[in-house]
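Chains as they are written, first to last, in this note's numbering: chain Z, 4 to 193; chain U, 106 to 285.
From the three backbone atoms N, C-alpha and C, an ideal C-beta is built for every residue, glycine too.
These notes concern the structure reproduced below.
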Amino acid sequence: MIFLQLFITFSKIGIFNFGGGYAMISLIQDEVVNKHHWLTTSEFTDIIAISQSTPGPIGINVATYTGYTAVINAGYSEWAAILSAIMTSLSILWLPFILMISISKVLIKHKDSIVVHSIFGLLRPTVLGLILAAAIMLMSVENFGSPTESTFVFIVSCVIFFLSFVGTRIYKIHPIIMILLCGLAGLIIY
Amino acid sequence: MGIYTDLFITFCKIGSFTLGGGYAMVPVMEKEIVDKKQWLTQEEFVDILVVAQSTPGLFAIDMASHIGFKYKGVLGGITGALGVAIPSIVIILLIALIFQSFKDNIYVEKFFMGIRPCVVALILSPCFRMAKTAKINIYNCWIPIVCATLISLFGVSPIWCIIVAGVAGFLYGHYLIQKQ
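Following this line, the structure appears as structure tokens:
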């Protein structure tokens, strides 16, 4: 039952998501692409690109799109997919919401405590590892082309990757502009 | 205008006009909630910021639901969260519906072939800034490396990394208190 699975999976992703949208990408990828095979790596990458270029929290965008595409890919109707998209995006919200209203007073009181500091001292580097993992797993044959079978695509992809990295990191080009430029480059080159 | 309608519309506005999500929303929220609407004081807002950063879930949603909750209880919290979430859900659904029929178009495919490597770079790029906020040094730089290796090479679920880090941090904190 794909709807129940989506609900459970995204509830789980919601409650274990520390550190925002990018950290969530690795959680979603692990469940949605690697475990359940609801989406392929390229589909997932396209969704991230679209989510980055539209307003709103990236996590909500990715969840909505995943809920939609997973159900379409499973062969259900468009209406079922729309319902599933709404349900999926709401399933990442409810557990953190309950947790937050129940522990917010305690957290504000203990925000400077040694235990809280120690927990976050370890969680922050871990979340960084999660994001690195997400990037590594997306460096796949599907996204970059194969070095042996499609050498041209592979080389172009590596150049685009390098230029995007330098562009956003050093020249501070806005991610959305960068995405559009790379899309245009794809249209012209391929 | 009812309080809940006002709450909902305010967060809808914040949700639909902030690109990039998360932290980009903080200054916008502060201006709307603290300066304009005066639903919360500056101090309350900063407290909420701390809680939103340290509880799981999406940062923007955590902020919205907590501000709503502080202002008008559970119903206010739900209204705030939905206010931020609904514009994104609607926009993405529209794109998904349109994209579904263009997906196999050759030009769309070429466009996305160019975009995919860029997305990987975009995910990697903020890592350096994050390494600074996470206070990465020679003693803890093994943590992100080990986590990334376990997840990407050995297929360990990221959830386990989070659980282990949380529990280890908790135990270490207690150990530090006892030592004092």
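When Cβ-Cβ separations below 9 Å define contact, residue 102 of chain Z makes contact with chain U.
Rounded to whole angstroms, the separation of the alpha carbons of residue 284 of chain U and residue 157 of chain U is 30 Å.
Between residue 176 of chain U and chain Z, the shortest Cβ-Cβ separation is not below 9 Å. With a 10 Å radius around the Cβ and a threshold of 16 neighbouring Cβ atoms, residue 25 of chain Z comes out buried. Straight-line spacing of the CA atoms in residue 204 of chain U and residue 193 of chain U works out to 16 Å. DSSP places residue 58 of chain Z in the strand class (E or B) of the three-state scheme. Scanning U:235, U:111, U:129 and U:227 for the CA closest to the CA of residue 181 of chain Z turns up U:227. The beta-carbon of residue 151 of chain Z is placed no less than 9 Å from the nearest beta-carbon of chain U.
Chain Z places a beta carbon closer than 9 Å to that of residue 224 of chain U, counting this residue as a contact. Taken through DSSP and simplified to helix, strand or coil, residue 242 of chain U comes out as coil. By the neighbour-count criterion, in which 16 or more other beta carbons inside 10 Å mark a residue as buried, residue 8 of chain Z falls on the exposed side.
A residue is called buried when at least 16 other Cβ atoms come within 10 angstroms of its Cβ; residue 179 of chain U does not meet this threshold and is exposed. Using a CB distance cut-off of 9 Å, residue 163 of chain U counts as an interface residue toward chain Z. DSSP places residue 146 of chain U in no alpha helix (DSSP H); its state is neither H nor E. Residues of the segment 216–244 of chain U that bring their beta carbon within less than 8 Å of a beta carbon in chain Z comprise 216, 217, 218, 219, 220, 221, 222, 223, 224, 225, 226, 227, 228, 229, 230, 231, 232, 233, 235, 236, 238, 239, 240 and 241, in sequence order. Taking 8 Å as the upper bound on Cβ-Cβ separation, chain U lies near residues 98, 99, 100, 102, 103, 104, 106, 107, 110, 111, 114, 116, 117, 118, 119, 120, 121, 122, 123, 124 and 125 of the segment 98–125 of chain Z.
Residue burial annotation: residue 171 of chain U is buried, with at least 16 other C-beta atoms found within 10 angstroms of its C-beta. Residue nearest to residue 257 of chain U within the set Z:164, Z:137, Z:170 and Z:172 is Z:137 (criterion: CA-CA distance). Rounded to the nearest whole angstrom, the C-alpha separation of residue 158 of chain Z and residue 142 of chain Z is 13 Å. Using beta-carbon distances, residue 132 of chain U does not count as an interface residue toward chain Z, since no partner is under 9 Å.
The beta carbon of residue 183 of chain U sits closer than 8 Å to the beta carbons of 170 and 173 from its chain, once the five residues preceding and following it are set aside; these are given in chain order. About 6 Å separates the CB atoms of residue 103 of chain Z and residue 167 of chain U; that is less than 8 Å, so the two are in contact. Between the alpha carbons of residue 71 of chain Z and residue 165 of chain Z lies a gap of roughly 32 Å.
Taking 9 Å as the cut-off, the beta carbon of residue 122 of chain Z is found closer than this to the beta carbon of residue 270 of chain U. Taking all protein chains shown into account, residue 217 of chain U has 16 or more neighbouring C-beta atoms within 10 Å of its C-beta and is therefore buried. Contact annotation: residue 162 of chain U and residue 99 of chain Z have beta-carbon atoms nearer than 9 Å. Taking C-beta separations shorter than 8 Å and ignoring five residues to either side along the sequence, the partners of residue 77 of chain Z in its chain run 5 and 41, following chain order. Membership of residue 125 of chain Z in the alpha helix (DSSP H) is indicated by the continuous run 117–141. With distances taken between CA atoms, residue 171 of chain Z lies nearest to U:225 out of U:241, U:237 and U:225. Among the residues of chain U, those whose CB is under 7 Å from the CB of residue 45 of chain Z are 221, following chain order. Its chain contains 9, 13, 66, 67, 69 and 70 as the residues whose beta carbon lies nearer than 7 Å to that of residue 91 of chain Z, once the 5 sequence neighbours on both sides are disregarded; these appear in chain order. Closer than 9 Å to the CB of residue 204 of chain U there is at least one CB belonging to chain Z. Rounded to whole angstroms, the gap between the alpha carbons of residue 213 of chain U and residue 207 of chain U is 7 Å. What residue 146 of chain Z touches in chain U, judged by beta-carbon distance under 7 Å, is 221, 222 and 225, going in chain order.
By the CB criterion at 9 Å, residue 191 of chain U and residue 57 of chain Z fall outside the cutoff. By a beta-carbon distance limit of 8 Å, residue 20 of chain Z contacts residue 27 of chain Z. Their separation comes to about 5 Å.
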